[in-house]
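In the working numbering, the protein residues as written are -4 to 167. No residue lacks a Cβ here, since even glycine has one placed at the ideal position from N, Cα and C. Encoded as structure tokens, the structure appears first; notes follow it.
If you want it as structure tokens, here you go:
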């Protein structure tokens, strides 16, 4: 029975060569399109994951903003500005949060003994580095004592270190 079916299929393919070749090309084209689109989607997914990994795992970020609706006698569009005290309020009110850090960002002129540049500076606390998964090549991250005593400590990225110090040591 199977032999008869295969024999009939081969004879049919031989009689209708053009249709058979076009069908084969259509199937090959469909499979190749699927493979390309699947690879593209997988690559996009990995790139997106890599981009978001900069922010850290299981991280929620809150920004200042404005209200979208009127509530409590206040107009819509009212500016909401977070304060440093809000960090402690969130820490007290949400015990499941493991780490929390404020982040203030501003561009400042930065100077070493020989060079001057203007770069973005982030003001954070000691929990920030662990939250974001930062790796330190030399030196250390901020400590609780640095924050407590308001020490003048900075963690430099590789690009800024090269701009300010070239190959000279940046620690010290």
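- If you look at residue 113, you'll find it in the beta strand (DSSP E) that goes 111 to 118.
- Residues 102, 103, 104 and 105 of the same chain have their beta carbon placed closer than 8 Å to that of residue 113, with the five preceding and five following residues left out of the count.
- By the CB criterion at 9 Å, residue 99 and residue 119 fall inside the cutoff.
- The beta carbon of residue 64 is closer than 6 Å to those of 71 in its chain, skipping five residues each way along the sequence.
- Counted as a single uninterrupted DSSP element, the stretch harbouring residue 143 is not any beta strand (DSSP E) but the alpha helix (DSSP H) occupying residues 139 to 143.
- Just so you know, the alpha carbons of residue 34 and residue 153 end up roughly 33 Å apart.
- Residue 127: member of the alpha helix (DSSP H) spanning 123 to 127, first to last residue.
- Counting along the chain, the unbroken alpha helix (DSSP H) around residue 14 starts and ends at 12 to 48.
- DSSP places residue 130 in the coil class of the three-state scheme, outside both helix and strand.
- In the DSSP annotation of this structure, the continuous segment of the beta strand (DSSP E) that includes residue 105 starts and ends at 99 to 106.
- DSSP, read as helix, strand or coil, puts residue 0 in helix.
- For residue 74, the secondary structure class from DSSP, reduced to helix, strand or coil, is strand.
- DSSP places residue 65 outside both helix and strand once states are collapsed to three, so it counts as coil.
- Look at residue 60 here: in three-state DSSP terms it is strand.
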